[in-house]
Each structure stands twice: as C-alpha cells, then as structure tokens.
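Protein sequence lines, in the order shown, are assigned to chains B and C.
1 is the number of the first residue of the first sequence in my numbering; add one for each residue after it.
1001 is the number of the first residue of the second sequence in my numbering; add one for each residue after it.
Notes for the one structure printed next.
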Amino acid sequence: MDIFWDSLSLSKTGGTFFFNDTVEGTTLTVNAGAYSVVFNDGGTITNDVNFFNTGTIILGNDASDSLTFSGGLDTTAASIASIAGMVATTNNQMDLGVVTVIANSTLVASEINFQGGANSVDGLVDLTLKPASSAADITVGQVADSGGTVFDLTDTDLAALTDGFSSITIGDASSGTGAVDVDSSTFNDPVAIVGGSLSVTGLNAGANDVLLTARVGQISEGGPGTDVTGATVTLNGNIAPGGSPGQLVISGGVALVSTDIFTAELNGTTPGTQHDQIQVPGPGRTVTLNNATLNASLGGGIRPIRGISWSLLTMSRPVPA
Amino acid sequence: MIGTFNGLPEGGIITLGEAEFQISYAGGTDNNDVVLMAAPTMVVYLPIVIKSTAGP
Chain B
1 MDIFWDSLSL SKTGGTFFFN DTVEGTTLTV NAGAYSVVFN DGGTITNDVN FFNTGTIILG
61 NDASDSLTFS GGLDTTAASI ASIAGMVATT NNQMDLGVVT VIANSTLVAS EINFQGGANS
121 VDGLVDLTLK PASSAADITV GQVADSGGTV FDLTDTDLAA LTDGFSSITI GDASSGTGAV
181 DVDSSTFNDP VAIVGGSLSV TGLNAGANDV LLTARVGQIS EGGPGTDVTG ATVTLNGNIA
241 PGGSPGQLVI SGGVALVSTD IFTAELNGTT PGTQHDQIQV PGPGRTVTLN NATLNASLGG
301 GIRPIRGISW SLLTMSRPVP A
Chain C
1001 MIGTFNGLPE GGIITLGEAE FQISYAGGTD NNDVVLMAAP TMVVYLPIVI KSTAGP
C-alpha cells in the first residue's frame, strides 16, 4: 500500500521513522533531532526536502528503487545517508554530506554538492552522477561552481569520492547533449565521462581505465600538457584533437571504437598548431585503431608536395614534463 | 599499434583534394606512428615542339 500525504512533519527523540512502501507526498518537513529516517521503497516528494535530523537517512534498499525529491534534497545534517538506486530531483540541487552507496546508484540533479569533506562518499558499486537536464553543460575539476545551469563537479566534489567504486560515470549516457569541460581532476576509480562534446585536459585516473564519449560533438584537448592519464583511455565519438589543429596527449593505452571518426586538419607540418595529432608518449603503450574512420582534410592553403608527411598519431615522443 | 583505420591498410591511399597520400602505421622513430605521406607522383615528360613561323 502506497503512503500518501499532503504535508507531513517529522519530529522525534531518538528512534526511526520507516517508510516501507512507495511514498507520494507534497511536503515533508524533517525537523532537527537525533533520529533516523528510512525509505525502504521509492516514490516522489514534490517539495524540497531538507533533512535536519542528525541520525541516519536511508534512501532506498537496492538498485531498483527510485526516489524523487522534485524540489531538491539536502542531507548534510545527517550522520550518514545510505543510497541505493535512483535518487533524483527535478532539475534542482542536491546537497549531500557523508554518503554510503550500497547498490549501483544514479544521482540526478541540476547540481550535486558533496559537502561531507574528503572521502565522505564511499561505495564498492557503480555510481552515476547525472545532470537533470540532458542539455546541461558539465564542468569537472573546477575550483568552484560556475553557477547558472551548469552541472559542476568541483575539486571538492571529486575529493569526496573515496577510492573503491567499481566505476564512476559522469553525464547522461543516453541523451546528453551539453558541452563537458574537464579540467585538472583526479579519479581513484575507473571513470566514464559523457556529454554532447568533450574538452579535456589534466584528467588523471592513474592506473584506472577512462572512457570519454562525445555523443554529438567532438572530443578535443582542453589545454597544453597531458590531457588524459589512464590505464586504457577509450575515445568514443568524433576525435578532433583541437577545435582548430591541436594535440590530444594521452598517457596510457588508447582504444578507438569502430564508430569513431578521427578528424585531422592538416594546415601545415607543425603538430599541434598546424595539424592535429594524437600523442601517446612513453614506452610500452598500445593503441588500438579498431577500424575507426580517418577523416583528414587539407587547409591553410598548404600545397602537398612530394615528401611532405604528417604524423597523425605518434608514440615516439617522451612523456611530457 | 593494433589494427588500422577503416579501408586504409598499410600503404593504402587516401585522397585529399586532388592529391594522394599514402598511410603507414609504422612511421616515426619507433616505427609505430600513423603517418600520412604525399604519394610519389608520376611525372610525364611531353615532347615540346617549337614551331617557328618567322621567315628567313
């Protein structure tokens, strides 16, 4: 039997409030107090819910549960929030304190802020952080939120993610169309980042795999130096190292997928400034081309003369300092 | 380097504008770069006939 209410206020001295069936409520007021709140099923609460209780909050039991706090969610006062399945807002903000993710989970919001400090979010499962709007731009690894409609995962948010997740996915893999800007950022687990287009520099996943997917636009370098570090970096989409010629520098193995298009502008013979190049420095790297499509074009008035050549993908260079 | 680009085996030809380029997957100092090289072009020498119309 579903649990319905219009306006519900919780207040208790110790103990636990249990919601053991699907909830459908408009307003839920969770007053301060040392008690816990448990949602053992899914449902929807229309208005913003700020959990002021300092006990435990349990949001779902398994990966099939789906809880929507349409107006927004704040669990920062709780000692810990346990999350399983889908926890979403309707394009509103989600502020989380200490979190344990106990089953494969997806958090959906206009903005997700992990405010519990370093290593305050842990789990051994797949965690997806997804903007509520598929058209939202995404930043990863900025110092501060950029505001507006941008879905920001700042350095503080990333530092909250404890080593141990099976994977971390950022973005909307099924319909994301926004631009993703990945700045200097560190991941301790396998990471997948997906959006309409990707500009990336300084993404470091150490010995973990990286998957970058541009659904409708291009995958490009976001600045000088090493752009991506990982065990194997899989590029999925239209790879255009520079918006204009540039160098996409990858430290690690590289795998293209068969549907990839490597768009290489050849406007001169200097890599990075006059022609596109994927650079995979260091010894012992493996690059798998996987029958991807090469789409090269001449520009800049260059006249192809005998002997001219372009190194489109090089593994012959040392690791940049 | 594992595999090739679609339709471009080692030594395969790609046409850019009016010029042809050959692809190699064994370029660079370590013989493992993907390199496009301007393909050797055929040079055709045509006889030049100079015809004078000037009188003696």
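Note that beta-carbon positions come from the ideal geometry of N, C-alpha and C, so glycine has one too.
Shown here for Asn61/B: same chain residues with a beta carbon closer than 7 Å to its own, the five before and five after excluded, namely Asn40 and Ala84 in chain order.
For Ile1014/C, the closest Cβ of chain B is nearer than 8 Å. Among the residues facing chain B, Gly1027/C is included, as its CB has a counterpart in that chain under 8 Å away. Scanning the segment 183-226 of chain B from its first residue to its last, the whole beta strand (DSSP E) runs of 3-plus residues come out as 191-195, 197-200 and 210-221.
For Gly1003/C, the chain B residues whose Cβ falls inside 7 Å of its Cβ are Thr288, Leu289, Asn290 and Asn291, in order along the chain. Residues of the same chain with a CB within less than 7 Å of the CB of Thr154/B, apart from the 5 flanking positions on each side, are Gln142, Val143, Ala144 and Asp145 in chain order. Not flagged as an interface residue toward chain C: Ala231/B, since no C-beta distance is shorter than 8 Å. Closest in alpha carbon position to Thr139/B, among Gly222/B, Thr68/B, Arg306/B and Ile308/B, is Gly222/B.
For the segment 231-302 of chain B, there is no continuous alpha helix (DSSP H) assignment of 4+ residues that stays within its boundaries.
Listed by position along chain B, the residues whose Cβ is nearer than 9 Å to that of Gly1017/C are Ser297, Leu298 and Pro304. C-alpha of Ser258/B to C-alpha of Val99/B: approximately 38 Å in a straight line. Around the CB of Asn238/B, 16 or more other CB atoms lie within 10 Å, so the residue is classed as buried. The beta carbon of Trp310/B falls within 8 Å of a beta carbon belonging to chain C, placing the residue at that interface. Of Ser309/B, Val280/B and Arg303/B, the smallest CA-CA separation from Met1001/C is found for Val280/B. In this structure, the beta-carbon distance from Ser311/B to Gly1027/C falls below 8 Å. For Ser120/B, same chain residues with a beta-carbon under 8 Å away, outside a window of 5 residues either side, are Gly97, Val98, Val99, Phe114, Ala160 and Thr162 in chain order. Looking at Leu59/B, Gly55/B, Ala78/B and Asn92/B, the one whose alpha-carbon comes closest to that of Gly72/B is Asn92/B. A buried status is given to Glu265/B, since no fewer than 16 other beta-carbon atoms sit within 10 Å of its beta-carbon. By the rule that beta-carbons nearer than 8 Å mark a contact, Gly268/B does not touch chain C. In chain order, Ile58, Thr100 and Ile102 place their CB closer than 6 Å to the CB of Ser82/B, counting only its own chain and leaving out the 5 sequence neighbours on each side. Note on Pro1009/C: under 16 other CB atoms within 10 angstroms of its CB, so exposed under the neighbour-count rule.
An exposed status is given to Lys1051/C, since fewer than 16 other beta-carbon atoms sit within 10 Å of its beta-carbon.
For secondary structure counted as the beta strand (DSSP E) over 3 or more consecutive residues, the segment 21-92 of chain B holds these complete runs in sequence order: 23-33, 36-39, 43-45, 49-53, 56-59, 66-69 and 80-88.
Taking all protein chains in view, the Cβ of Glu111/B is crowded by 16 or more other Cβ atoms within 10 Å, so the residue is classified as buried. Close to Met315/B, with beta-carbon spacing below 8 Å, are these residues of chain C in chain order: Met1001, Gly1028, Asp1030, Asn1032 and Asp1033.
By the 16-neighbour rule on beta-carbons within 10 angstroms, Phe1021/C is buried. Comparing alpha carbon positions, the residue from Thr288/B, Pro304/B, Ile302/B and Arg303/B closest to Val1034/C is Thr288/B. With a threshold of 8 Å between beta carbons, Leu235/B makes no contact with chain C.
If you draw a straight line from the Cα of Thr213/B to the Cα of Thr89/B, it comes to about 24 Å. Of the residues assessed, Asn53/B falls on the buried side of the cut-off, its CB having 16 or more other CB atoms within 10 angstroms.
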